[in-house]
Amino acid sequence: MCGIVGYMGFRQAYPIVIKGLRRLEYRGYDSAGIAIYDNQALKIYKNKGKVDDLEAIIPDEFRLGHLAIGHTRWATHGEPNQVNAHPHANAEATISVIHNGIIENYQTLKSELINRGYAFKSETDTEVLVHLIEDVLKNQQCSLKEAVRLALNEVTGAYAICVISSLHPGEMIGARKGSPLLLGLGENEFFLASDASPLVEYTKKIIYLNEFEIVELKSNGDFQIFSLENDIISPYIQELSIKLEMIEKGGFDFFMHKEIYEQPKSILDSVRGRIDANLGIIKLAGLEEYRNKLLNSKRIIIMACGTSWHAALIAEYLIEDLARINVEVEYASEFRYRNPVLYPEDVIIAISQSGETADTLAAIDMAKQKGCLILGVCNVVGSSIPRASDAGCYTHAGPEIGVASTKAFTAQLSVLTLMALWLADQKGTLTKQKITEILVQLEGLPDKIQEILPDLDLQTQEIAKDFYESKNFLFLGRGYNFPSALEGALKLKEISYIHAEGYPAAEMKHGPIALIDEQMPVVFVANNMSLKDKLVSNMQEVAARKGKIISISIENETEIKNLSTHFIALPEIHEVLTPILSAIPMQLLAYHIALLRGCNVDQPRNLAKSVTVE
Ligand code: G6P
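Here's what the structure looks like:
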C-alpha cells in the first residue's frame, strides 16, 4: 500500500528513484510523485496514474540533483488525483514528505494546525506531517531529525516516511511504525525504500528499520538510528539475498506469467534442505525449539488475509487430517476486532506473503499479549510478521511482484504440508511409510509441474477464448479442493474483474444453483479423487441445468471428462498435494481471460500487493 523510495548520494537521484518507484508500483499505482533537491530548492512533480504518467510531465532539465524522494500511491484519504499525490510539501516548498500508512488522528491534528494558521492543500492525512514538522522547525532551533521525531510523537497510526528539506539539504530522514522501511547502505550513499527492490543493484548492505525507529542520514556518509524517545539504537546490518534477475520480467510480458512459470523452482526452494524424502525426515529448525509447546497445544489458530487465508484453509485440512490437531482459521481483520477466546497454550500460525499485512500483524500482537506462541509463514525475508513471530518457516518463493499471488500461494502450501507432516511425525499420527510416500511425491512435484506447464498454458488459453466475455463464474470443489475453488475464484475476479464465486460443491444446492443456466461457466476443481463420486453428482446437477462445466481433474478420468464441456487433465498425485497442482491451471485460466479482456494483469485496478493499512 504505497511504495516509497528516497536516495541521497553521489549519483543522480532521479533515475534511481523513478526506477525504484516502478519496482514498487505493485504496492499502489493510482498516482505517483517525486521531490528533487537541485542544490537550490525542492522541485516537486506529481501526477495521477502510473510512474510513466509522472515521467511524462517532468522536463529533462529538472531531473538533476543528488537528493530525491518518490512515492507511488494507493489512495486511502482523498481521491487519487494530482493534489492528493505525494510528496506533500509546506507552502514554501522547503519541507517535503512521502508516507505509507495512515495517520489516524489526522483530523484533530489538522484542526489544530489550521488554528495555528497552516493552510492545507490536499485531503490527505499525510499533509499534517508536513505542517507538524514545519511547526516544530519554526518554534525550536532543532535538526530536521529532531523535528521529525517530535512531530511523530504527536501522531497515532501507521507510517513509513521519508522527509527532506531544502533548509537541511545534507540530510534525509526516515521513520517507521507499522509500515515497512528499509535502509540501503552504499559507499557514501543511502537508499530508503518500502522493500529492497529499488536498491538491489546498488548495495547488498541493508538495515530493516524497526517499529518506532527514526534514521538520520547525512550526505557525508554518517547515519544514526534513534528511538522515538531519542535513544540511540545500534544498527543491525544484514546482507540482502535477492538478485536483480529475480525482480525483472525475464522475457515474459507480465510478472504474473513469469511467476506462474517459476512455480517448479519456488516449490523446490521451499522444501529443499528441509526434507530427506526417502527416509521420511522433515527438518524444520524454526519449529524444533518449540516442539513441546506445539505438541501439547490443544489447538492451532491460523490467521491470514486474501490468498494466504486460502492457504490457511488448506492447512486446516492438512493439519487436522495428518496431525490430528484442532485448527481454526481466522480472517485476521475479523479476529482482531472481535473478542476471541485465546489461551496461552494456543499456537498461532500467521501466513503472509509480504509479511506486512496490517491486519495480520495486529492480530499477532493481540495473540502475543495473551502469551500464545506465534509462528510465521512468510515469504519476504526480514519483513514485519517474521520479526514479530517467535519462530516460523519462510517460504522461499522469491520476490513476487504480480499483484495476484501465484507462486507464493503454492510455496505456502508446500511449507504448510511440511509443517503438517512434521507435526504428524512428532505426534506419531502417521507412519513413516505414509510420511515418506507424501514427501517423495512432494519432492517430485516441481518436475511434474515443469512438464505440464506449457500444455496447461495452451489449453487454458483456448478455454479462455470461450469464456472471456462471461459475466459470472462459479468455482466448486470439495475437501482439500474447496479452498482451492475459493482461490480460483479470487484469481479470476482480481485480474479480470469478472464476478466469480467459490463454493463447496455440495453447498451449491443451497443457493448458487439458482444462478446456473447455459451462460454460467462452472469450474470444478476435481483432482482429489477420494470425493470423486460426490463431485460427479454435483457436476450432474450443473449439467442438468445446462451450465458449462470446466473440470480440472486427473488423466484418464473419463466419467468427469464426459460430463465436462472443457477438461483439464493433471497428473494423479496424493490427495493432500492436489491443491498445489490444481492451483496452476486456475492461475493460467485467470491470466488468459484477463489478457483477452485487455486488463493489466500485474496491476489490477484498486488492488495493491502489500496491504499495510487496515
Ligand atoms: C493483498 C494481495 C493478495 C494477498 C493479500 C494478503 O490483497 O493483493 O494477493 O493475498 O493481500 O497479503 P499477504 O502478503 O499477507 O499474504
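One point on numbering: in my numbering, the residue at position 113 of the sequence shown is 94, and numbering is uninterrupted.
All C-beta atoms, glycine included, are put in the ideal place defined by N, C-alpha and C.
In this text the structure is predicted, and so the values were computed from the model without any measurement.
Unbroken alpha helix (DSSP H) run spanning residue i, endpoints
i     : result
M520  : 513 to 525
Y(-5) : -6 to 5
R130  : 125 to 133
F316  : 313 to 316
E108  : 108 to 120
V252  : 244 to 252
Option in the options with minimal Cα separation from residue i
i      : options                  : result
S12    : A495, P380, N65, A378    : N65
N537   : L303, A525, E553, H547   : E553
R319   : M347, L299, V308         : M347
R157   : E182, S147, R130         : R130
Y217   : M227, L225, I206         : I206
L209   : N277, L133, F236, E220   : L133
T398   : G(-13), S333, T559, K246 : T559
Q568   : I187, A466, G232, R253   : A466
A304   : S175, L404, Y10          : L404
Y375   : I329, S333, L294         : S333
P150   : K102, E168, K199         : K199
T391   : D327, K349, I295         : I295
V78    : T57, D41, L23, I39       : L23
N20    : Y7, K29, G46, Y(-5)      : G46
T338   : P325, H238, Q350, Y312   : Y312
I600   : L110, L163, E243, V136   : Lying before the first or after the last residue shown, residue 600 is absent from the chain, which here runs from -18 to 595.
N581   : L516, V136, F235         : F235
F193   : T137, G202, G409         : T137
H291   : R586, G167, N277, A331   : A331
I300   : S178, V328, G287         : V328
M237   : P245, Q584, L426         : Q584
P435   : I549, C123, E152         : I549
M(-11) : E315, C(-17), A16        : A16
V252   : Q422, S511, G492         : Q422
C353   : D514, L588, I283         : I283
E6     : A495, L148, K413, S175   : S175
Residue i, DSSP secondary structure in three states
i    : result
Q205 : strand
L588 : coil
V308 : strand
Q440 : helix
A331 : strand
H47  : coil
E297 : helix
Q393 : helix
I228 : helix
L164 : strand
A70  : strand
E42  : helix
H52  : strand
E220 : strand
I631 : Only positions -18 to 595 of the chain appear in the structure, and residue 631 is not among them; the question remains open.
I382 : coil
Run of the beta strand (DSSP E) containing residue i, from where it starts to where it stops
i      : result
V78    : 76 to 84
E482   : 480 to 485
L323   : L323 -> no beta strand (DSSP E), and no H or E assigned at all.
S146   : 138 to 146
F171   : 170 to 174
K158   : 152 to 158
Y87    : Premise fails: Y87 lies in the alpha helix (DSSP H), 87 to 96, not in any beta strand (DSSP E).
I187   : 186 to 189
V(-14) : -16 to -11
L260   : Counting along the chain, L260 falls outside any beta strand (DSSP E), and DSSP gives it neither H nor E.
V196   : 194 to 199
Residue i: CB within 7 Å of a non-hydrogen atom of ligand 3
i    : result
V322 : With respect to small molecules bound, the structure shown includes ligand 1 and not ligand 3.
**Length at least 3, wholly inside the region 267 to 293: the beta strand (DSSP E) runs in chain order** = 280 to 285
**Item:** Those runs of the alpha helix (DSSP H) which lie wholly inside the region 346 to 374 and span at least 4 residues
**Value:** 365 to 369
**Message:** To test your reading of the DSSP string, which unbroken alpha helix (DSSP H) runs of 4 or more residues are found completely within the region 2 to 36?
**Reply:** none
**Request:** Entirely within the region 493 to 578 and at least 4 residues each: give me those alpha helix (DSSP H) ranges in chain order.
**Result:** 513 to 525, 539 to 544, 559 to 577
**Length at least 4, wholly inside the region 397 to 477: the alpha helix (DSSP H) runs in chain order** = 413 to 448, 463 to 477
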